[in-house]
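Everything below concerns the one structure shown next.
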Amino acid sequence: MCDEREPLLAYLYAESDPEERRRVEAHLASCEACRDELAGLRSVREDLLAWDLPDHESVWKPFTPSRPVWSWRDVPAWTMAAAAVTVLAIGATGSVAANALIARSADPARPVPVLMTAGVPGASGAAHTAKAAVAVAVTPADLAALETRVLDEVNHRAQPAAERTSLSSSDYDKLFTVMTELNNALASSRDDVKTLRARVNDLSVKVEQLAQTQQGGR
Amino acid sequence: MAPTNRSDEELVARATAGDLESFNQLVRRWERPIFALAYRTLGREEDARDVVQDAFLRAYRGLPRFKGEAKFSSWLYRITLNLCRDWIRRERRAPIVPTPAGTDPNSFADEQVSPTTSVEELVGRHQLSEAVAQAMAELPEDQRTAILMKEYHGLTFQEIADTLQCPLSTVKTRLYQGLSVLRRRLERRQTEQASLRRATWEGTS
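Protein sequence lines, in the order shown, are assigned to chains A and B.
Here our numbering is used: the first residue of the first sequence is 110, the next is one more, and so on.
Here our numbering is used: the first residue of the second sequence is 15, the next is one more, and so on.
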């Protein structure tokens, strides 16, 4: 075949400039191989149109409008860390990422992103908590309990802002308790991981929305 | 100006300044394409939905760092593709082709066919959809991504290069190679099904 791949491709997708287009058309008129090639590519493009998508309903729970920008600082640090660890545990993404998130949660300048599940290399600290992130599944009841706890905490906890921005030792105790409970629960069930992941995502979004509400309510 | 007419750039600027509703609008505008990209990359609905949610949360948090050098959509596509790549690595496997009950290509053998039934009639759109999904899932990631961006998102070569942060010529090569592989696979499938059809007919007559 002629060396016309790039020009043919540009022609196929109507991205040739006019001069190039005229040249390709003149070439096609005299080259059967390239005509066949172009016809083959067009037929593939037609086949590709058949690839259906499943119905998709929005998964986005809209941010509440007319609120000032909220900050992670308004969410008690231990609840964010707990949510992060839950997501990580269920995603079984490993201990490095869990360490990173926990380490970052202790830094007031770097609020914890709950849904960020990508590992951050090189982080240190709180190594003994990583064990909690190893298991794979928890029961819906465990999550419901955690959810209630987190929501209660976000809704009712009245603390000076300064205390919310970092993990105090009692926060750590609470976090470890939650993680231990989770860890025990994780060992007991491996079912419905997807359902549970969805619930954790839900929970994370709720925490965010509560954070907004809290900020807006002041 | 009606809010729905605002450009992505305007909405990004407003969202960055703290207008959450502007960000909601960006989500409404882009959620479906982002779901389509994630679904066609991963092959699994639920994981695609997770990726959609993660992608918009990341985009929201990344707004202060988004300098507007690229288009918002290119940036969003890149975030999505990175999340998909993370997912694939985490799962340590290739994208999964969904095969709902009754769409097994082998079920052709069970269908009542006559010698006058054309391949085109036999190969329903749904089955072609499955075949395309299968062939795409088997492509190398680079080629698959280039084809997704071009065929299902209508990006120009240059926009794909910007999104994937690679040279224009690389984009064209990946596209061409990917299309050529798809062509061979889809043509081979049609040939196989034509002979399967013949065999079925001969076996039942």
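Heads up, the beta-carbon is just placed ideally off N, CA and C, and yes, glycines get one too.
- For the region 113 to 141 of chain A, the set of residues with a beta-carbon nearer than 9 Å to any beta-carbon of chain B comprises Arg114, Glu115, Leu117, Leu118, Ala119, Leu121, Tyr122 and Glu124, in chain order.
- The Cβ neighbour count for Ser183 (chain B), taken over all protein chains shown within 10 Å, is under 16; the residue is labelled exposed.
- For Ser143 (chain B), the closest Cβ of chain A is nearer than 8 Å.
- For Tyr91 (chain B), no Cβ of chain A is located within less than 8 Å of the residue's own Cβ.
- Counting along the chain, the unbroken alpha helix (DSSP H) around Gly149 (chain A) starts and ends at Glu141 to Leu157.
- Within the region 147 to 191 of chain B, the complete alpha helix (DSSP H) segments of 4 residues or longer fall at 155 to 161 and 171 to 178, listed in chain order.
- Put simply, the backbone Cα of Arg20 (chain B) is about 21 Å away from that of Ser167 (chain A).
- Those residues of the region 39 to 52 of chain B placed with their C-beta closer than 7 Å to a C-beta in chain A are Val41, Glu45, Arg46, Phe49 and Ala50, ordered along the chain.
- For Arg197 (chain B), a Cβ of chain A is located within less than 8 Å of the residue's own Cβ.
- Taking a 10 Å sphere around the C-beta of Gln39 (chain B), we find 16 or more other C-beta atoms and assign the residue as buried.
- With a cut-off of 8 Å on Cβ pairs, the region 69 to 79 of chain B is not in contact with the region 148 to 168 of chain B, counting fewer than three such pairs.
- For Glu35 (chain B), the uninterrupted alpha helix (DSSP H) segment begins and ends at Leu34 to Leu56.
- Relative to Asp311 (chain A), the option among B:Arg58, B:Arg63, B:Gly57 and B:Ser36 whose CA is nearest is B:Arg63.
- Listed by position along chain B, the residues whose Cβ is nearer than 7 Å to that of Ala159 (chain A) are Arg139, Leu142, Ser143 and Val146.
- Within the region 159 to 171 of chain B, Ile161, Lys164, Glu165, Tyr166, Thr170 and Phe171 place their CB atoms closer than 9 Å to a CB of chain A, listed in sequence order.
- For Arg28 (chain B), the CB contacts under 7 Å within the same chain, skipping 5 residues up- and downstream, are Ser36 in chain order.
- Fewer than three Cβ pairs drawn from the region 111 to 127 of chain A and the region 195 to 209 of chain B lie within less than 8 Å of each other, which leaves the two stretches out of contact.
- In the same chain as Val314 (chain A), and ignoring 5 residues on each side of it, the C-beta atoms closer than 7 Å to its own belong to Lys170, in chain order.
- Assigned with DSSP and collapsed to three states, Val314 (chain A) falls in helix.
- Of the other Cβ atoms in all chains shown, fewer than 16 fall within 10 Å of the Cβ of Cys111 (chain A); this residue is therefore exposed.
- The CB of Glu83 (chain B) never comes closer than 7 Å to any CB in chain A; the least such distance is about 23 Å.
- Under the 8 Å criterion on CB atoms, Arg258 (chain A) is classed as non-interfacial with respect to chain B.
- Taking the Cβ atoms as the reference, Glu115 (chain A) lies roughly 12 Å from Cys143 (chain A), outside the contact range of under 8 Å.
- In terms of Cβ geometry, Tyr91 (chain B) and Thr177 (chain B) form a close pair [threshold 8 Å].
- One finds Trp169 in chain A with Cβ atoms closer than 8 Å to the Cβ of Phe70 (chain B), taken in chain order.
- If you draw a 10 Å sphere on the C-beta of Glu206 (chain B), you find fewer than 16 other C-beta atoms in it, and that means exposed.
- For Ser88 (chain B), the enclosing alpha helix (DSSP H) covers residues Phe86 to Glu105.
- For a Cβ distance threshold of 9 Å, residue set Leu142, Ala145, Val146, Ala149, Leu196, Arg197 and Leu200 of chain B lies close to Asp156 (chain A), ordered along the chain.
- Leu162 (chain A) reaches chain B at Ala50 and Tyr53, counting residues in chain order whose Cβ is nearer than 7 Å.
- The beta-carbon separation of Leu34 (chain B) and Phe172 (chain A), rounded to 4 Å, stays under the 8 Å limit for a contact.
- Across the set A:Cys140, A:Val153 and A:Glu141, the C-alpha of A:Val153 shows the shortest separation from the C-alpha of Gln191 (chain B).
- Cβ contact annotation for Ala145 (chain B) (same chain, cutoff 6 Å, sequence separation greater than five): Arg203, in chain order.
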